[in-house]
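Residue numbers (my numbering): 55 to 260.
Accompanying notes for the structure given below.
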Ligand SMILES: N[C@@H](CCC(=O)N[C@@H](CS)C(=O)NCC(=O)O)C(=O)O
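Here is the structure:
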């Protein structure tokens, strides 16, 4: 089994925090996104999506989504569960990870990838050139604001994002908070529940 990753990037960070929390170490190769190594022929031969993270299993199965990588490793290493304690909690964690990806990650990515010179013609990851749409920067900023409010309201009724305890959903939300700093967005001070949760998760993960 081998993990291809670039720890500073937000999706790889979700996997890094999963591994850190579980105390797992796996063989790793760094694909430096700053150097655009995801487009090197050797890596594209492994992962035609040209994205990280990617987990290559011993039977040559390739997992290219952070949630799939974490869910797979959870099955192999169930101790210190990050996907709930039962079927109902498992479903809630998966549901929240999906919601966070759609409403949080993609909002920040919309701002970053449509506004930065580094991502010119790379508004979406992958090998196909995609033009930037500058209007999506403003829309993404609005979406980030909606995301903070949604999560703050949700956390007014519970300690952690999903299930009955700390889970992968908290890791994913925490990674989004770090990713948001890339576009100079941070949790608004008036989002008291979200700020309380953020401190709690920082104490667990960092
Ligand atoms: N669906 C994948 C997305 C992976 C992804 O988009 N990774 C980004 C880094 S966070 C990437 O590899 N970008 C390469 C690029 O921008 O060319 C996941 O959930 O992990």
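Note that the Cβ used here is the ideal one computed from N, Cα and C, for glycine as well.
Just so you know, these numbers come straight off a predicted model, no measurement behind them.
- Runs of the alpha helix (DSSP H) lying entirely within the region 119-194 and spanning at least 4 residues, in chain order: 120-130, 141-154 and 160-169.
- Non-local C-beta neighbours of residue 204 in its own chain, meaning closer than 8 Å and more than five positions away in sequence, comprise 157, ordered along the chain.
- Note that the C-beta distance between residue 101 and residue 108 is below 7 Å.
- Relative to ligand 1, residue 226 has its C-beta separated by 6 Å or more from all heavy atoms.
- Residue 258 sits in a helix when the DSSP states are folded into three classes.
- In the three-state reduction of the DSSP assignment, residue 104 falls in the coil class, being assigned neither a helical nor a strand state.
- For residue 56, the enclosing beta strand (DSSP E) begins and ends at 56-59.
- When the five nearest sequence neighbours on each side are left out, the beta carbons in the same chain lying within less than 6 Å of the beta carbon of residue 229 are those of 64, 67 and 68, in order along the chain.
- The alpha-carbon separation between residue 83 and residue 174 amounts to approximately 26 Å.
- Taking one beta carbon from each stretch, the region 149-167 and the region 216-234 have 3 or more pairs nearer than 8 Å; the two touch.
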